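Heads up: the structure comes next, in structure tokens.
In the working numbering, the protein residues as written are 1 to 54.
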């Protein structure tokens with residue numbers, strides 16, 4: 001789900017059309033994706049998803 005949220009936000013940044021809110025959302029989703037990737041699968045503690053306020 002994180003990659004689905006990140007893709008259009010990254011497009012906006014790449015095209016230099018992203019708002020400050022979109023840039024902040026992109027950063028939050030990218031951090032979330034990294035945190036999910038680091039979850040210990042033997043003792044999973046899942047990070048909270050970023051708010052989807054766009």
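All C-beta atoms in this analysis are idealised placements derived from N, C-alpha and C, irrespective of residue type, glycine included.
Predicted, not measured: the structure shown is a model, and the values here were computed from it.
Just verifying my parser: in three-state terms, what is the DSSP assignment at residue i?
i, result
"residue 25", "helix"
"residue 38", "coil"
"residue 50", "coil"
"residue 14", "helix"
"residue 43", "coil"
Counting only the same chain and skipping the five closest in sequence on each side, list residues whose C-beta sits under 7 Å from that of residue i.
i, result
"residue 2", "29, 32, 33, 36"
From residue i to residue j, what does the alpha carbon distance come to, in whole angstroms?
i, j, result
"residue 22", "residue 12", "8 Å"
"residue 27", "residue 20", "11 Å"
"residue 9", "residue 16", "11 Å"
"residue 41", "residue 18", "35 Å"
Pick from the options: whose alpha carbon is nearest that of residue i?
i, options, result
"residue 25", "42, 38, 6, 15", "6"
Identify, in the order they occur along the chain, each residue of the same chain with its Cβ nearer than 6 Å to the Cβ of residue i, setting aside the five sequence neighbours on each side.
i, result
"residue 51", "none"
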